[in-house]
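Chemist: Residue numbers (the numbering used here), protein chains in the order written: chain A, 1 to 273; chain B, 1001 to 1273.
Take a look at the structure:
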């Protein structure tokens, strides 16, 4: 969370940004919390995935996406992307004049409520290498192990969310992580694609006789965004406008499974490059 | 191959372009064929993968990469990327004034030499949706089935090139393909990442009691490039300069396994975006 002051417009415009579809899980958590808002969602799908790229490249991509949403009238920006939150939050905050909420700090605080010892964070290569979760969780007094899981995003995008290959990949990643962190009691899903795998992850943990509390940062992040706005009891319906930098058709098709409802009004956006 | 005339400089400069590392398998095939050349390789790693993106986005990225290599003095451009060759070859040819060689036509002709019936092409989503291989192989009188294999590139990049998960993914993709194309006798690797999986693919085919000739287009494409140049018997050593649009360190590390030798002199390049 930034130190910028709270803003309280009656019908706020909230920008939500991700490299792709995963941030729609955060938007899904925002809708019931701030029902009267106007949401503008940008998926930078032409340049995804961010998770395998360098800090400089991620920051350049994230800042251009964030600026677009501010120009569209956003009163607040929610960076619903773990990789961009982990590697580019200072650059985004510096480039904008509106409050910016990332997913790392809310996710870490949600883990703090569950864990008494140590947290295992599953995330992309870039997020783990940034050690943003390690810093946030350590400052809350918790032990941390970060595990990069580069195959999980492609498996989710292939639609193999309840598939024996995905289960085997999870077993391999989790076994490697447990070898390093046998005492971890909480599993933090540090990528907005991973909530779609939560049932399979919980089943795999049970089969490995290693039960853990599994949490994702979507709900915690949405709650943090809501702190910025006065409750709206007028009953205005939320509106959502979607922008994607690559194929609109693919965005509508994949996005529906992330948001849990059909996506209307997706616009193609050229951010250059 | 373009209709542009042959060019015969004594020490040609050859531009080789891919979205990432895979095109290094083509460069590896070029080095012994045209030993006296100066090679400039560009991996557009900041914007990879191309294979899951739309035609318009791929064309925009590919043209900017191709123009860079022409500006660096390339006498010929080899598009060592199946996706860019399949979706953007006309746009690239129109944007440049040097000859352009893609991988589709040479790959199809190499398959023609092996197949008497029907070819199974494994490739990215974008390449299969373009049907570029289907058009090229059909015009050579062959039957064709194109199978998208979106998980293979991430598995190669994870380094799981001899791994039981990759074998299982291959079995699933191949079984789906054989259900559609039971009489295919030749397997064409339609992505420059896939040659690294060739031993595992051949073992999997044997285990499935479905032996096929496996070919990749790297050697055929290199031979097509060599047709543009007079043989050089002067014994000049080849030089290679590498550009990547994302992390140089990752490019050097992963690139070594694709080229089969260490990569010297990798430069970071900003193509914007």
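In this text, a Cβ means the ideal position worked out from N, Cα and C, and glycines have one as well.
Can you give me the C-alpha to C-alpha distance between residue 1019(B) and residue 1123(B), rounded to a whole angstrom?
Modeler: So the alpha carbons of these two residues sit roughly 14 angstroms apart.
Chemist: Does any residue of chain A have a CB that is nearer than 8 angstroms to the CB of residue 1246(B)?
Modeler: Yes, its Cβ sits closer than 8 angstroms to a Cβ of chain A.
Chemist: Could you check where the beta strand (DSSP E) with residue 146(A) kicks off and where it finishes?
Modeler: That run of the beta strand (DSSP E) goes 143 to 148.
Chemist: Between the beta-carbon of residue 1079(B) and the beta-carbon of residue 1017(B), is there less than 8 angstroms?
Modeler: A contact, by the Cβ cut-off of 8 angstroms.
Chemist: Roughly how many angstroms lie between the CA atoms of residue 11(A) and residue 1024(B), to the nearest whole one?
Modeler: Cα to Cα, residue 11(A) sits roughly 53 angstroms from residue 1024(B).
Chemist: Identify the contact partners of residue 1046(B) in chain A, using a Cβ-Cβ distance below 7 angstroms as the criterion.
Modeler: Here the neighbours are 53, 57.
Chemist: Quick check: is any heavy atom of the ligand GDP less than 7 angstroms from the C-beta of residue 1153(B)?
Modeler: Looking at this structure, you won't find the ligand GDP or any other ligand, since it has none at all.
Chemist: Start and end of the alpha helix (DSSP H) containing residue 1175(B)?
Modeler: Note, residue 1175(B): alpha helix (DSSP H), 1164 to 1180.
Chemist: I need the DSSP call for residue 1242(B), collapsed to helix, strand or coil.
Modeler: Strand, per DSSP.
Chemist: Can you say whether residue 106(A) is buried or exposed, counting buried as having 16 or more other CB atoms within 10 angstroms of its CB?
Modeler: Answer is buried; the Cβ neighbour count reaches 16.
Chemist: Under 8 angstroms by Cβ, that's how I've got residue 165(A) and residue 1169(B) pegged, so tell me the actual separation to the nearest angstrom.
Modeler: Residue 165(A) to residue 1169(B), Cβ: 6 angstroms. Contact.
Chemist: Which partner residues of residue 1015(B) appear in the DSSP bridge assignment?
Modeler: Partner(s): 1040(B), 1077(B).
Chemist: Counting only the same chain and skipping the five closest in sequence on each side, list residues whose C-beta sits under 8 angstroms from that of residue 1198(B).
Modeler: Contacts found: 1189, 1214, 1216.
Chemist: Given that a residue counts as buried once 16 or more other Cβ atoms are within 10 Å of its Cβ, and exposed if not, what is residue 52(A)?
Modeler: When all chains shown are included, residue 52(A) counts as buried.
Chemist: Along chain B, in chain order, which residues have C-beta atoms closer than 7 angstroms to that of residue 158(A)?
Modeler: Those within 7 angstroms of residue 158(A) in chain B are 1150, 1151.
Chemist: Examine the Cβ distances between the stretch 1095 to 1105 of chain B and the stretch 1033 to 1045 of chain B and report whether three or more of them are shorter than 8 angstroms.
Modeler: With a cut-off of 8 angstroms, the stretch 1033 to 1045 of chain B and the stretch 1095 to 1105 of chain B do not count as touching, because too few Cβ pairs lie within range.
Chemist: Give the interface partners of residue 274(A) over in chain B, defined as CB-CB distance under 9 angstroms, in chain order.
Modeler: Here chain A covers residues 1 to 273 and nothing more, so residue 274(A) does not appear.
Chemist: Does the stretch 1136 to 1143 of chain B come close enough to the stretch 1059 to 1077 of chain B to have 3 or more Cβ pairs within less than 8 angstroms?
Modeler: Short answer: they don't touch.
Chemist: I'd like to know whether the C-beta atoms of residue 268(A) and residue 255(A) end up nearer to each other than 8 angstroms.
Modeler: For residue 268(A) and residue 255(A), no; Cβs fall outside 8 angstroms.
Chemist: If you draw a straight line from the alpha carbon of residue 196(A) to that of residue 146(A), how long is it in whole angstroms?
Modeler: Distance between the alpha carbons of residue 196(A) and residue 146(A): 20 angstroms.
Chemist: Using the Cβ count rule (16 or more neighbours within 10 Å means buried), how would you classify residue 82(A)?
Modeler: The residue is buried, with at least 16 neighbouring Cβ atoms inside 10 Å.
Chemist: Determine, using beta carbons only, whether residue 32(A) comes closer than 8 angstroms to chain B.
Modeler: No - not a single Cβ of chain B is within 8 angstroms of the one on residue 32(A).
Chemist: Which same chain residues end up closer than 6 angstroms to residue 271(A) when comparing Cβ atoms and leaving out the 5 residues on each side of it in sequence?
Modeler: Result list for residue 271(A): 64, 245, in chain order.
Chemist: Just the C-alpha distance for residue 1014(B) and residue 1057(B), rounded to the nearest angstrom, thanks.
Modeler: Distance between the alpha carbons of residue 1014(B) and residue 1057(B): 25 angstroms.
Chemist: Just by C-beta distance, which residues in the stretch 16 to 31 of chain A are closer than 9 angstroms to chain B?
Modeler: For the stretch 16 to 31 of chain A, which is checked against every Cβ of chain B, not one residue is closer than 9 angstroms.
Chemist: Using the three-state DSSP reduction, which class does residue 1248(B) fall into: helix, strand or coil?
Modeler: Note: residue 1248(B) maps to helix in three-state DSSP.
Chemist: Exposed or buried, what is residue 1158(B) when buried is set at 16 or more other beta-carbons lying within 10 Å of its beta-carbon?
Modeler: Buried: at least 16 other Cβ atoms inside 10 Å.
Chemist: Mapping DSSP to helix, strand and coil, what is residue 189(A)?
Modeler: DSSP places residue 189(A) in strand when its eight states are reduced to three.
Chemist: Report yes or no: is there a C-beta of chain C within less than 8 angstroms of the C-beta of residue 200(A)?
Modeler: Within the model displayed, chain C is absent; protein chains A and B are what it includes.
Chemist: Let me know the secondary structure DSSP gives residue 1125(B) once reduced to three states.
Modeler: Looking at residue 1125(B) - three-state DSSP - the assignment turns out to be helix.
Chemist: Looking only at its chain, what residues have a beta carbon closer than 7 angstroms to the beta carbon of residue 1261(B), apart from the 5 residues adjacent to it on each side?
Modeler: Answer for residue 1261(B): no residue qualifies.
Chemist: Using a Cβ-Cβ cutoff of 9 angstroms, what residues of the stretch 1058 to 1088 of chain B are near chain A? List them in chain order.
Modeler: Hits within the stretch, in order: 1060, 1061, 1064.
Chemist: I need the straight-line Cα distance from residue 31(A) to residue 238(A), nearest angstrom please.
Modeler: Straight-line Cα distance between these residues: approximately 7 angstroms.
Chemist: Below 9 angstroms on C-beta distance, what does residue 1155(B) contact in chain A?
Modeler: Residues of chain A passing the Cβ test: 151, 154.
Chemist: Is it buried or exposed, residue 102(A), if we count other Cβ atoms within 10 angstroms and call 16 or more buried?
Modeler: Burial call: buried.
Chemist: Could you compute how far the alpha carbon of residue 1055(B) sits from the alpha carbon of residue 1049(B)?
Modeler: The straight-line gap from Cα to Cα measures roughly 13 angstroms.
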